[in-house]
Each structure stands twice: as structure tokens, then as C-alpha cells.
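Numbering (my numbering), first residue to last: 32 to 681.
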């Protein structure tokens, strides 16, 4: 190439102005992105749904505030669609829909959308690729024109790669902030849209689910810039140059899919079962599909006696449902054995039974000072505390009625802390806990929820902003400081399997803790382990909340390579394999999860299970993405600094 072509003249980037339809296209694109998730599950959209946002960000002036507003509008379209089920909480509390939207739903979505707004601001400015119309080649001969456009294309590819890496890494960072900030909510990261087919989802074992979002954002930027480059190249040189960056990105994705399929097969139930030293663990999850509105109606204005009666009644429903499920499993095994005697079916009754977060109708009492559960009925003079027959903890009653059953029960309970005051035992805080029960009352162990639901179990800033505290007291009936407290600790629960002497570690996940990967990594130890989740998705009635949470929970199995059993009351009652596949799930033929009944499965548990990279290092990939954002933004920062310096000098 001649020297004169090494320094060709480029056309200046035209001055652009915002169009009115840009402000409509941005939220509409956010709605399209939401269609990549349940209940729609058009997961292919995750690879292209950002294209309209990139177009509006890069077809106007490179201004921070403009980029923020467009990104914020995109976020509102996305979050209001994919999290629309949150409005069901308003119905549960009989709050009129317009009121709930105005005071809760829309403000929360607006806060989350600010993160995508920040992404838009940086993408529109510091992470903006080169957007020149191309070289000026009107006075060049054909060979020179071809060479000039080829040189321009390679330079454009270099800036495209810088922008694609920076945009993708920044998206990972904002999703991590959404999951771990004050209003932490890790639901539906872009990486979760890669679940279908399980191949790309397997890489969460190494980088975590949030970092998987890098792939669709990176690919979308490559697609946008490659299409634009090819069109301009064709107009200027009469032929479109080859988009080598697009070819490279597609090759990378295909390699990841190929490797992911291998990982998925390696951690499938069938493959694990073929290994040596693998434990077959029969588990069952039971739920009664009770609407939260009914539960609130039973407790809000009920007398003490009525609350006890309702609690015992609910507990009885669970106990009868469990026993009926045992009978049904026995009958089904016998039926298969009679139909196919050559297979020699072995009776595998569940050794673990899981009830949901809402299962126990009455609380258990724990001494705040000693930490011991109360074994005996509490004195009748106890102010504000159940007494007499009511004082016999429901867990103890359950143990008595189990009568030495050879299974361990995991169930959600409210643990009320009691403290002596003025001769009385006064409730002083409580935990949202999971109880593990085997054999007798002395065996009962509890673990408290650590990651509380903002606005559901605690209010941010509630202790310092008075009106928030007053609102909290009006809704919950408790004073600030007397409500649900976060638990502590990082030790898994070591459970002996009845009748075997085997010990399996339980990774506890209460409510939506099965969506918080960083929390569950604390419990990972070498050896046989299973994640046990108790949830209550009845707060969100017949919405898609339960299905979305179960999909999210599958990524915890991949990140840690541990199987999971979960009961959700009105969500997806299921068992999940270490590769994220559902072994069994309680749902209708059309996929509707809102059913009463049980899910039964035999979990393959590797006695030699080790640590995944994510379990050892946590969100290391997010730190790497932050460094990539800094590196890819640096050239634009330097350029802007030099331009401002020259302007001042002039």
C-alpha cells in the first residue's frame, strides 16, 4: 500500500439531532427484551433486543444526559414488563392497583432503570465506537479506493472490538449492582436468557450468572457495528468487506456452545449416577397451593384461639398431604414392578421431605439470651405470647405425630425471640427460618434467612426516616426493630440420612435466597451436598413469579454443581440436577406451576463433589469486567481531555 493511503481523509461525523421517535423506540425495545424471559421465553431475542437502543444512542449527539434518559426509558420498558408480577402484592393486601403502582411499583422500577440509564450514558459517550461515514475516495482510482476502504474497515473493526468489550463488561457491572445494592434483586439478568438448551448456561460454573450477560451484549454490539460497516463499505467501494469481527464472535459462541454441551452432559443425572461413590437420595417436596390473601385474612383480625386453630389446620393439611404422597409413591412403585417384573424395581421412599416457607401455621419460640428453643408450654401469664396448648411449639407437635418416621423434614417456620421484661416474656424480634427435624424434638435445628427481601421483610433507611417507620408499623403491626432480623453464619447443616448413617450437607436457601449466588457459595464444602429451598410464592398469586424464581434457582445448581430440592407453596415445586435441568417439577401439562401436590425425585449426590471456580472465587469475573470498563473507556477519556485542553489554549 502506498504511503499516501496510510493517511487518507475521512469524512467528518455528521452533526446529529435527537428524533422524537427515539424516545418511543427505546422503551419499546426494552419490552422486546423482556420477551426473552418467562412467561414468553423467546430467548433468541436476547441477541438482538439491544440493537434499537444502540441505534438511538449512537445516531444522536454524544451527550451524557441524552444517553442516560434513553437508557432509563429502555429500563422502564424492560423492568415494568418482566417484573410486572410485583403488582400482585397490591392485590394481596387489597391495595387499589393505581395506588400500588404510584407508591411502590413504578418508583422501584424507576430506581432499577437508573442503572441502565448509567449504562446508556457511558455507551453514548466514552464507549461509543468510531461512527465516521468512511474515507473520502472520490478522487481515487478503483484500486486506491478499494485499499482505502479496506484500511478504514480494519480500523473500524478495532474500535468495534473496544466498544463491544466495554459495553458488555459495563452491563455485567450494572447487573451486579442491581443484585447486590441496597435494593438487591438479582432476578432475570441477561445471562438467564441463555438457559434454554443449557449449553451456554453451563459456563456460570466458572464466571457466575451475572457475567454470562457479557455474551449477548458483546454479540449485539458486534452485529450492529458490522452491519453498519458492511453497508457503508458497499456504498463506498461497490462491495461489502468481510466482517471478520462478526465471524470471530460467532466462532466464539459456537465454541462455547460445544463446550457447554459437554459440561451439561458431564453433570447430568445419568452421567453422575454412573460414577463411583455416588449417593442416590430420594427427596420429596410438598405444597398445598394456599393463597396468601387467605392466610392474611385468617391472621389479621383473628383472635388468639382462631390463629391457633388455623395454624393447626394448615399444619394438618401438610401432614395429610405428605402421608398421601408417600402412599401414592408406594402404589406407583408397586404398579411398575407388576407391569415390568424383569426390571426389579426397588422401593425408594423419600428420606427428605420439604415443606414451603409458609407451611408451619404457628411460630416456634427461642430464648433470646440462651438461644435455646422452648420445649415446654409457656406460662399462662406470658403477655402477648401463646400459652397453654398454644405454647407447645408446632415443631414439637409435628415430631410427636411423625411417630419415628424414617424421614427428615425441612419446613419454613417463624422463630420468635422471647426476652424477659417485667416478669413477662416479651417478643423481641423474629427470624424467617428453616427447621430441620429428624426423630425427636432435641434433633430440631433451625437456620435463619440472611438475605432479607427489601420492602417485604425490611425497609431500607427505616430506622432513620420516621415516616417510613410509621408506614412499616401500620402495614406489619410491629414496631421497627421488632420485625424480621437477618441470620448469620456460613456453616452448612450436616444431616444424617435416616437408617443409613450417611451424612449429607444441606445448603439452606430460604425464600428468594436461591437467586443469590454469592450467598450460597459461603456454604459450599467438599463432599456430598444438596441445596434445599423453602419459598412462598403465594404473595404473587398466579403470576409468573414462581416460574422465574425456579429458572433462576437452576443457575445456582450450575454455579455450585449441586442438586436442589425446593417447595414454593404456589410456585414451582421441583428437584433440579447439577447441570440445571429439572428432574421433576409439579406442574400441569401446559407448564402452569400453580398446583397442590408433591414432586418426587431421586437426586444423584456425588460423595466426592468439589469446588467450582465460582464457589471458590465468587464474582471474580465482575471485577475483571470493571477493569475492562476502565481500560476501554480510557482512550475516550484521554481524547476528551486533550480536546478540552486545546480548546482552552485556543
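C-beta atoms are modelled at their ideal positions from N, C-alpha and C, and glycine is treated no differently.
Could you spell out the range, first to last residue, of the beta strand (DSSP E) harbouring residue 534? 534 to 541
Using CA coordinates, which residue listed in 188, 315, 394 and 71 is at the minimum distance from residue 29? The requested residue 29 is not part of the displayed model; the chain covers only 32 to 681.
So the beta strand (DSSP E) residue 614 belongs to, where does it begin and stop? Note, residue 614: beta strand (DSSP E), 613 to 617.
Could you compute how far the alpha carbon of residue 554 sits from the alpha carbon of residue 450? Taking the Cα positions, residue 554 is about 30 Å away from residue 450.
Work out the CA separation of residue 518 and residue 76 for me, nearest whole Å. 39 Å
Determine, using beta carbons only, whether residue 98 and residue 152 come nearer to each other than 8 Å. yes
Could you check whether residue 291 and residue 202 sit closer than 8 Å to each other, using their CB atoms as the reference points? no
With 16 other Cβ atoms within 10 Å as the buried cut-off, status of residue 354: exposed
Counterpart residues of residue 682 in DSSP-defined beta bridges: There is simply no residue 682 to check, as the chain begins at 32 and stops at 681 in what is shown.
Buried or exposed: residue 593, going by 16 or more other Cβ atoms within 10 Å of its Cβ? buried
Compute the Euclidean distance between the alpha carbons of residue 570 and residue 322, then round it to the nearest angstrom. 7 Å
Unbroken stretches of the alpha helix (DSSP H), 4 residues or longer, contained in the stretch 195 to 273: The stretch 195 to 273 contains, as complete alpha helix (DSSP H) runs of 4+ residues, the segments 235 to 238 and 245 to 268 (chain order).
In this structure, how does DSSP classify residue 338 when only helix, strand and coil are distinguished? Three-state result, residue 338: helix.
Which value, in whole angstroms, describes the spacing of the CA atoms of residue 395 and residue 386? 16 Å
Separation of residue 636 from residue 54, as counted between CA atoms: 52 Å
Nearest to residue 198 by alpha carbon, out of 120, 671, 670 and 663? 663
By how many angstroms is the C-alpha of residue 403 removed from the C-alpha of residue 80? 54 Å
Just mark residue 147 as buried or exposed, buried being the case when its beta carbon has 16 or more other beta carbons within 10 Å. buried
Can you name the start and end residues of the alpha helix (DSSP H) that residue 57 belongs to? Its alpha helix (DSSP H) spans residues 53 to 65.
Leaving out the 5 sequence neighbours to the left and right, which residues in its chain are closer than 7 Å to residue 274 when beta-carbon positions are compared? 257, 260 and 261
Using 8 Å as the threshold, is the C-beta distance between residue 200 and residue 245 below it? In this structure, residue 245 lies closer than 8 Å to residue 200 by Cβ.
Nearest-angstrom Cα separation, counted from residue 299 out to residue 612: Taking the straight line joining both Cα atoms gives about 8 Å.
Can you tell me the Cα-Cα spacing of residue 127 and residue 591, whole angstroms? 42 Å
Taking all protein chains shown into account, decide if residue 311 is buried (16 or more other Cβ within 10 angstroms of its Cβ) or exposed. exposed
Rounded to the nearest angstrom, what separates residue 540 and residue 441 at their Cα positions? 11 Å
Identify which residue in 40, 317 and 547 has its Cα closest to the Cα of residue 345. 317
Below 8 Å, how does it come out for the stretch 107 to 114 and the stretch 61 to 74: are there three or more Cβ pairs, yes or no? yes
Residue 575, DSSP secondary structure in three states: coil
Please state whether DSSP places residue 285 in a helix, a strand or coil. helix
Could you give the uninterrupted runs of the beta strand (DSSP E) lying entirely in the stretch 121 to 167, keeping only those of 3 residues or more? none
Would residue 465 and residue 547 qualify as a contact pair, given that the criterion is a beta-carbon distance under 8 Å? no
Look at the Cβ atom of residue 389, then the Cβ atom of residue 567, and state whether they are nearer than 8 Å. Contact flag set, yes.
Pull up the distance between the alpha-carbon of residue 158 and that of residue 255, whole angstroms please. 14 Å
With C-beta atoms as the reference, is residue 674 less than 8 Å away from residue 557? no
Would you mind sorting residue 480 into buried or exposed? The rule is 16 or more other CB atoms within 10 Å of its CB. buried
Is the separation between the beta-carbon of residue 184 and that of residue 272 shorter than 8 Å? yes
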